[in-house]
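Engineer: Residue numbers -16 to 240, in my numbering, belong to the letters of the sequence shown in order. Ideal placement from N, C-alpha and C gives every residue a C-beta, glycine not left out. Source: prediction; values computed, not measured. There's a structure below that I have some questions on.
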Amino acid sequence: MTTPAETTPSAKRVAVVTGASRGIGKSIAMHLADPKGANRHVVLVSRSEGPLSDVRNAIEAIGGSASVKAVDVGDAKALALAIDAIAEQHGRLDILINNAGITKDGLALRMSDEDWDLVLDTNLKSAFVATRAAARHMMRGRFGRIVNISSTSGVVGNAGQANYAAAKAGMLGLTKTIARELGSKGITCNAIAPGFITTDMTDNLPANVKEQVTGMIAVKRLGTPEDIAACVAYVTSDQAGFLTGQTICVDGGMTMC
Ligand code: NDP
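Below, the structure written as structure tokens:
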């Protein structure tokens, strides 16, 4: 392993995106790495290397720069070590997108402790652990952009998602606290709460449910991963230094929260 002293810091800002193998995380990674846009070096994180390598290849095909780190974000020790290794390898860490997430839906009265713990560990504890590790490196550069991908379920609740909504609401408290603790160090922390976005997570919902949801959305369409990525691109930009502690609902006007 290299030490920070031996590493020449990357000329580009370095971004870590968890859950980057598909869906919203993949789109965020593609946007951040786009040489015609943000032009970051993006480290792609999820559990399996194969799909991450496909995303890295797609980024390299458009002239961007990316690398791959396979880690289960539910394994707190492994995640913290991975963040440190990334920062040490590149000599810096500027941007962290806590996006990896899962659902294990069920009515609260029938929900098992295991399903509660799994969703809280994967969706919420991981964001805390990654933030704690990453912020130490960001403080050295006196610059940081942390974005927590929450959910409108965490803002307004959702029947059948006690574990998921609690985790996503927890992210909002984490966001505001980190914003207050680290604002003076040049580090911002914001949450983005997507509404209904078409990805693997939502693909298997029945057509009539999707139609019903569309009816509740002001712009009368479901969201795309690109809708979220475009917002992340601004929130993580150098120009967004006065935006912190916020929850931005990117939901087509579904909740107007
Ligand atoms: P997908 O199911 O399409 O992708 C989830 C991503 O998270 C994958 O890259 C997956 O990679 C990764 N992941 C899951 N568990 C772990 C783990 N334990 N360790 C590392 N990586 C993991 O989801 P979406 O793109 O739809 O969602 C992305 C985020 O946006 C989630 O946090 C979700 O809660 C949130 N969101 C999504 C909405 C939607 O409508 N789609 C609405 C509101 C919020 P792999 O399985 O390869 O490890």
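Let's test the definition: count the other Cβ atoms within 10 Å of the Cβ of Leu84 and tell me whether it reaches 16, buried, or not, exposed.
Structural biologist: For the purposes of this step, residue 84 is taken as residue 101 along the sequence shown, with counting starting at 1. Per the sequence shown, residue 84 should be read as Gly rather than Leu. Gly84 is buried by the Cβ-count criterion.
Engineer: Can at least three beta-carbon pairs, one atom from the segment 125 to 132 and one from the segment 174 to 191, be found at a separation below 8 Å?
Structural biologist: With the cut-off at 8 Å, the segment 125 to 132 and the segment 174 to 191 touch.
Engineer: Output the distance between the C-alpha atoms of Val(-3) and Ala149, rounded to the nearest integer angstrom.
Structural biologist: Taking the sequence shown and counting its residues from 1, the one referred to as residue -3 is at position 14. Taking the sequence shown and counting its residues from 1, the one referred to as residue 149 is at position 166. Cα-Cα distance, rounded: 30 Å.
Engineer: In chain order, what residues of the same chain have a beta carbon less than 7 Å from the beta carbon of Asp67, not counting five sequence neighbours either side?
Structural biologist: Working through the sequence shown from its first residue, we reach residue 67 at position 84. Here the set comprises Ala116.
Engineer: Go through its chain and collect everything with a Cβ distance to Ala241's Cβ below 7 Å, but skip five positions before and after it.
Structural biologist: Residue 241 lies beyond the range of the chain shown here (-16 to 240); nothing can be said about it.
Engineer: So, at 7 Å on beta carbons, what are the nonlocal neighbours of Thr(-9) in its own chain, with the 5 sequence-adjacent residues on each side left out?
Structural biologist: Within the sequence shown, residue -9 is the residue found at index 8, counting from 1. Here the set comprises Gly74.
Engineer: Just to check my reading of the structure: Val51 and Leu35 have Cβ atoms closer than 8 Å, yes? What is that Cβ distance to the nearest angstrom?
Structural biologist: Start at 1 with the first residue of the sequence shown, and residue 51 comes out as number 68. Start at 1 with the first residue of the sequence shown, and residue 35 comes out as number 52. Their Cβ separation, rounded to whole angstroms, is 4 Å, which keeps Val51 and Leu35 in contact under 8 Å.
Engineer: Going by DSSP, what residue range makes up the alpha helix (DSSP H) through Val56?
Structural biologist: The residue given as residue 56 occupies position 73 in the sequence shown. From DSSP, Val56 is part of no alpha helix (DSSP H); its letter is neither H nor E.
Engineer: So is the beta-carbon of Gly140 under 6 Å away from any non-hydrogen atom of the ligand NDP?
Structural biologist: Within the sequence shown, residue 140 is the residue found at index 157, counting from 1. Gly140: no, Cβ never under 6 Å from the ligand NDP.
Engineer: How close, in whole Å, do the beta carbons of Gly6 and Asp183 come, if the pair is a contact with beta carbons under 8 Å?
Structural biologist: Mapped onto the sequence shown, residue 6 falls at position 23. Mapped onto the sequence shown, residue 183 falls at position 200. Correct: roughly 6 Å between the Cβ atoms.
Engineer: Just checking: is the beta-carbon of Asn191 within a distance shorter than 7 Å of some beta-carbon in chain B?
Structural biologist: Absent from the structure: chain B. Only one protein chain is present.
Engineer: Compare the beta carbon distance of Ile161 and Thr114 with 7 Å and say whether it is the shorter of the two.
Structural biologist: Your numbering for residue 161 matches position 178 in the sequence shown. Your numbering for residue 114 matches position 131 in the sequence shown. Contact: yes.
Engineer: Going straight from the alpha carbon of Gly89 to that of Ser(-7), what length do you get?
Structural biologist: Here residue 89 corresponds to residue number 106 of the sequence shown, with the count starting at 1. Here residue -7 corresponds to residue number 10 of the sequence shown, with the count starting at 1. Cα-Cα distance, rounded: 45 Å.
Engineer: Would you kindly work out how many angstroms separate the C-alpha atoms of Ala12 and Ile42, rounded to a whole number?
Structural biologist: As a first step, residue 12 must be located in the sequence shown, where it is residue number 29. As a first step, residue 42 must be located in the sequence shown, where it is residue number 59. Their backbone Cα atoms lie some 8 Å apart in a straight line.
Engineer: Under the rule that 16 or more other beta-carbon atoms within 10 Å means buried, what is Lys19, buried or exposed?
Structural biologist: Locating residue 19 in the sequence shown gives position 36, where the first residue counts as 1. It counts as exposed.
Engineer: Alpha helix (DSSP H) containing Val321: first to last residue?
Structural biologist: It is not possible to answer for residue 321, since the shown part of the chain is limited to -16 through 240.
Engineer: Count the other CB atoms within 10 Å of the CB of Lys151; is the residue buried (16 or more) or exposed (fewer)?
Structural biologist: To locate residue 151, count along the sequence shown from 1; it is residue 168. Counting Cβ neighbours within 10 Å, Lys151 comes out buried, since at least 16 surround it.
Engineer: Would you mind sorting Ile80 into buried or exposed? The rule is 16 or more other CB atoms within 10 Å of its CB.
Structural biologist: Sequence index remark: in the sequence shown, residue 80 carries index 97 (1-based). Buried, by the Cβ-count rule.
Engineer: Distance, Cα to Cα, Met(-16) vs Glu71?
Structural biologist: Taking the sequence shown and counting its residues from 1, one reaches residue -16 at position 1. Taking the sequence shown and counting its residues from 1, one reaches residue 71 at position 88. In this prediction, Met(-16) scores a pLDDT of 46, lower than 50, which makes its location untrustworthy; no coordinate-derived value is stated.
Engineer: Could you check how far apart the C-beta atoms of Ser10 and Pro208 are, in whole angstroms? I think they sit under 8 Å.
Structural biologist: In the sequence shown, counting from the first residue as 1, residue 10 sits at position 27. In the sequence shown, counting from the first residue as 1, residue 208 sits at position 225. Between Pro208 and Ser10 the Cβ distance is about 3 Å, and since that is below 8 Å, they are a contact.
Engineer: For Met237, count neighbouring C-beta atoms within 10 Å of its own C-beta (all shown protein chains included) and say buried if the count is 16 or more, exposed if not.
Structural biologist: Translated into the one-based positions of the sequence shown, residue 237 becomes position 254. Buried.
Engineer: From Met94 to Asp100, what distance separates their C-alpha atoms?
Structural biologist: As a working note, residue 94 is residue 111 in the sequence shown. As a working note, residue 100 is residue 117 in the sequence shown. So the two alpha carbons sit approximately 10 Å from each other.
Engineer: Spatial neighbours of Thr86 within its chain, please: C-beta separation below 6 Å, excluding the five flanking residues on both sides.
Structural biologist: Residue mapping note: residue 86 aligns to position 103 of the sequence shown, counting from 1. Here the set comprises Tyr147.
Engineer: Going by beta-carbon coordinates alone, are Met121 and Ile170 separated by less than 7 Å?
Structural biologist: As a working note, residue 121 is residue 138 in the sequence shown. As a working note, residue 170 is residue 187 in the sequence shown. Cβ distance < 7 Å, so Met121 and Ile170 count as in contact.
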